[in-house]
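Protein chains in written order, with my numbering: chain A, 40 to 155; chain B, -8 to 104.
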């Protein structure tokens, strides 16, 4: 079974600064996907970024980027130029591709607060 | 932009009552999921559904739970006899053929008293 670990329960950073959220995972699979989801106070789950394990290049989406280290089973999220709207819970998630059955396994989350 | 919708946004029910949580996935999606998040905890997988049958279910998804796609648009989760510990946020998600990305609905907060 896969496990996802987020070791930082809470983080805070000043607006406009850069922050990195950590995530490690454990799997015996060689092909998989990793995701970061954002959950603001509204509790909606919003997909932030996705990484395919077979791709060496780190995914980026505007101010969001990942540092994917497959050998170390590490998948951190970097938020550049942080904004007040980035305040949320962030969940790292693992998925083994299997059409029709692709459950997400989530970590326990990191509560990020952006300070004005 | 297409989105997953869920109704109701908040449901309060008494222990032992049946509840049905409703979801309308994105119209061209084929894979459907239910997840649960107890307040302050992580999101947990309940069940996946494809081609009108359950693909996988977790240990949480016991005989009290069932899912159904009664028509071409709705996807429902039924809890037959609710318990206090069923109080949680329930999320529906769907994905299409591409990209293995799941899109979540806004959730239904279920409170069992």
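Glycine is no exception: its CB is placed at the ideal position from the N, C-alpha and C atoms.
Q.
Here's the rule I'm using: 16 or more other beta-carbon atoms within 10 Å means buried, otherwise exposed. How should residue 138(A) be labelled?
A. Burial call: exposed.
Q) Within the 8 Å Cβ cut-off, does residue 141(A) reach chain B? A) Yes, residue 141(A) counts as interfacial toward chain B.
Q. Listing by chain order, which chain E residues have their CB less than 8 Å from the CB of residue 47(B)?
A. No chain E appears in the structure shown, which is made up of the protein chains A and B.
Q.
Strictly below 9 Å CB to CB, what residues from chain A border residue 97(B)?
A. Going along chain A in sequence order, the residues near residue 97(B) (Cβ under 9 Å) are 81, 82, 83, 84.
Q) Does the distance from the C-beta atom of residue 88(A) to that of residue 122(A) stay below 8 Å? A) No, these two residues do not count as a Cβ contact at 8 Å.
(Q) Applying the 10 Å Cβ sphere with the 16-neighbour rule, what's the burial state of residue 102(A)? (A) Under this definition residue 102(A) is an exposed residue.
**Q.** C-alpha gap between residue 115(A) and residue 53(A), whole angstroms
**A.** Put simply, the backbone Cα of residue 115(A) is about 19 Å away from that of residue 53(A).
Q) Just curious, the beta strand (DSSP E) that residue 77(B) is in, first and last residue? A) No beta strand (DSSP E) holds residue 77(B); DSSP gives it neither H nor E.
Q) Is it true that the region 65 to 75 of chain B meets the region 3 to 15 of chain B, where meeting means three or more beta-carbon pairs spaced less than 8 Å apart? A) Using a C-beta cut-off of 8 Å, the region 65 to 75 of chain B makes contact with the region 3 to 15 of chain B, since at least three inter-stretch Cβ pairs fall below that distance.
Q: On the DSSP bridge assignment, give the partners of residue 154(A) in chain order.
A: Paired residues: 53(A).
Q | Start-to-end residues for the beta strand (DSSP E) that takes in residue 94(A) | A | Counting along the chain, residue 94(A) falls outside any beta strand (DSSP E), and DSSP gives it neither H nor E.
(Q) Check whether the region -8 to 1 of chain B and the region 140 to 151 of chain A are in contact - that is, three or more C-beta pairs closer than 8 Å. (A) Too few Cβ pairs lie closer than 8 Å, so no.
Q) At least one CB of chain A closer than 8 Å to the CB of residue -3(B): is that the case? A) For residue -3(B), the answer is no, since every Cβ of chain A falls outside 8 Å of its Cβ.
Q: Determine the chain B residues that contact residue 147(A) at a beta-carbon separation under 8 Å, and present them in chain order.
A: Those within 8 Å of residue 147(A) in chain B are 32, 33.
Q: Compare the C-alpha of residue 82(B) against each of 58(B), 10(B), 25(B) and name the closest.
A: Among 58(B), 10(B), 25(B), the Cα nearest to that of residue 82(B) is on 25(B).
(Q) For the region 107 to 139 of chain A, list every residue whose C-beta sits within 9 Å of some C-beta in chain B, in sequence order. (A) Going along the region 107 to 139 of chain A in chain order, one finds 130, 132, 134, 136, 137, 138, 139 with a Cβ nearer than 9 Å to chain B.
Q: Have a look at 106(A), 110(A), 135(A) and flag the residue whose alpha-carbon is nearest the alpha-carbon of residue 118(A).
A: Comparing Cα-Cα distances from residue 118(A) to each of 106(A), 110(A), 135(A), the minimum goes to 106(A).
Q: For residue 62(B), name the three-state secondary structure that DSSP assigns.
A: Residue state, collapsed to three classes: coil.
Q. In chain order, which beta strand (DSSP E) runs of at least 3 residues are fully inside the region 65 to 110 of chain A?
A. Every beta strand (DSSP E) stretch that sits fully inside the region 65 to 110 of chain A and reaches 3 residues is listed by chain position as 72 to 78, 85 to 91, 103 to 108.
Q. Considering residue 23(B), what are the terminal residues of the beta strand (DSSP E) in which it resides?
A. Start and end: 22 to 28.
Q) Considering only residues of the same chain and omitting the five flanking positions on each side of residue 87(B), which have a CB-CB separation below 8 Å? A) Excluding residues within five positions, the ones whose Cβ falls inside 8 Å are 17, 19, 20, 21, 22.
**Q.** Residues near residue 100(B) in its chain [Cβ-Cβ closer than 6 Å; skip 5 each side]
**A.** Excluding positions up to five away in sequence, the list reads 1, 80.
Q) From residue 168(A) to residue 65(A), what does the alpha carbon distance come to, in whole angstroms? A) No answer is possible for residue 168(A): the residues shown for chain A start at 40 and end at 155.
Q.
Taking the straight line between their C-alpha atoms, what separation do you get for residue 48(A) and residue 86(A)?
A. Approximately 20 Å, taken between the alpha carbons.
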